[in-house]
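Count the sequence shown with numbering that gives the first Met the number 0 and you get residues 0 to 444, in order.
For every residue, glycine included, the Cβ atom is placed at its ideal position computed from N, Cα and C.
Here is the structure we will look at, set down as structure tokens.
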Amino acid sequence: MRLTRYFLPVLKENPADAQIVSHRYMLRAGMIRQQAAGIYSWLPLGFRVLKRVEEIVHQEQMRAGHIPMLMPTLQPADLWRESGRYDDYGQEMLRIRDRHERDMLYGPTNEEMITDIFRAHVGSYKDLPLTLYHIQWKFRDEMRPRFGVMRGREFLMKDGYNFDVDRAAALHAYNRHMVSYLRTYERMGLTAIPMRAASGPIGGDNTHEFLVLAATGESEVFYDSAVTDLKLGNRAVDYDNRAEVAGICKEFTTLYARTDETHDASLFDQIPEARRKVGRGIEVGQIFYFGTKYSEAMGATVVTADGSRVPVEMGSHGIGVSRLLGAIIEASHDDRGIIWPEGVTPFPVGIVNLKQGDAATDAACDGLYKALAAKGLEALYDDRDERAGAKFATMDLIGLPWRITVGPRGLANGKVELTSRRTGESEEMTAAAAVDRIAQIYAGR
Ligand code: 5CA
């Protein structure tokens, strides 16, 4: 993408109403625009990151054997009357009446709708296990929308629902979600710690939240610092192997890590003092096992192997897809701007032309741009007629992990400069070597 043909409305000034760094940088980098309290347009740069985050979520869900689909944003109120949540949900639910005076709502979550789909089409244990998910916009009329996409009113969520014949199978689904989420967040460059939590309006007694540690997080968290060293890495996980998946969950949930809702001071005090930490975290996901809460209320049953009919066992599992952009920036930035992890960066690399209009420099940049494209890497090429300082400032603000700088002086020696956004270190090399290096870094992305 050539910057002169792109739409990147960066702001020079710090927006006055943005209280936290991720909100500030998302506005300044031209990623989002607020349209109403807690409701945002996703401008091209923000949209590219959002799509990358979605893609990672899809890949990891499908790897775990979960099946993508899409449910609508608008739902009939009658489904929610069946579960009893229509009245319970209160003012957070945006209620709408259509032209036929039918009560509708903008979905804050989808337990009722998915249970309705299940009961219409599935009736036997032979069709289980089944986990369906979608990535869809939600609306919650939050009392205090704030911090940009972090606490929006309209926000993008991945929500998945498992259906199983018995409790043991449903707990395996819960564990599968935990492991797939660990991998999802790690691929985004995040350390998200599963913490025992409270279930709120979703229900059930078995639930974990995933928290990214950040001073600006909205949740107070209590944890053993050793938990931050745990990594899933590139382990090959067999998601059908119950013992293996349960073992990984045990590894990640044995050390003390809880939110203030479930904090237990007497257990906390047993951690060696040097490892006892109180901090703040951003909740980027939550998983729930709630058994037959919805299936009983809505008559979603299956026939078991012995011929009896039982309500299906369920759980639901959410990832805050749009919130993740804020969380990633909170975890990865400096005073010049965002530093995207390679897994989610909007463009793998930026090209800065130091002397736009100089025939040799322009030709070298064009060649570099095409050579990267030939390897499937779309660079963001700053081809504006601007000072070098302004170009560097834009690149630093929008946070591409790698920058290739091309100028007449380097070209005289046949060299360009490759710079890491994270370390600030630069290396001179030929354009061909820079292309190879970038290709290597992103191999397998
Ligand atoms: N039905 C369940 C799981 S599918 C559910 O709704 N869970 S939830 O309420 O915990 O939401 C899932 C995730 O969505 C949260 O962990 C959080 O990351 C994100 N989320 C919730 N509310 C907001 C909001 N107002 N703005 C942005 N993200 C949000």
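- Between the C-alpha atoms of D333 and L399 there is a straight-line separation of about 13 Å.
- Of the other Cβ atoms in all chains shown, 16 or more fall within 10 Å of the Cβ of N174; this residue is therefore buried.
- Within the same chain, and ignoring the five residues on either side of Q90 in sequence, the residues whose Cβ sits closer than 7 Å to its Cβ are D140.
- Sorting L417, E110 and K11 by C-alpha distance to the C-alpha of N352 places L417 at the top.
- The beta carbons of H207 and M187 sit no closer together than 9 Å.
- In the three-state scheme derived from DSSP, where H, G and I count as helix and E and B as strand, R150 is classed as strand.
- Contact between the stretch 310-320 and the stretch 159-166 is established, with three or more Cβ pairs separated by less than 8 Å.
- With a contact defined as Cβ atoms closer than 8 Å, E153 and E111 miss out at about 20 Å.
- If the five residues before and after D384 are omitted, its C-beta is found closer than 8 Å to the C-beta atoms of Q355 and G356, all from its own chain and listed in chain order.
- A Cβ-Cβ distance of about 14 Å is found for the pair G325 and L210, leaving them out of contact under the 8 Å criterion.
- Y288 sits close to A172, with the two beta carbons spaced by under 9 Å.
- With a threshold of 16 other beta carbon atoms within 10 Å, K137 meets it and is buried.
- Judged by the Cβ position, D158 qualifies as a neighbour of the ligand 5CA at the 8 Å threshold, a heavy atom of the ligand being closer than this.
- If you look at E208, you'll find it in the beta strand (DSSP E) that goes N205 to L212.
- One alpha carbon belongs to A245, the other to Y238, and they sit about 10 Å apart.
- Relative to the non-hydrogen atoms of the ligand 5CA, the Cβ of H316 comes within a distance shorter than 8 Å of at least one.
- Between L231 and L181, the C-beta spacing is below 9 Å.
- Taking 8 Å as the cut-off, one finds no heavy atom of the ligand 5CA near enough to the beta carbon of F162.
- Short of 7 Å from the beta carbon of P144, and not among the five residues preceding or following it, lie these beta carbons of its own chain, in chain order: A36, G37, R150, G151 and R152.
- Exclusion of the five residues before and after A372 leaves A378 as the residues of its chain whose Cβ lies within less than 8 Å of its Cβ.
- Beta-bridge partners of W136 (DSSP): L155.
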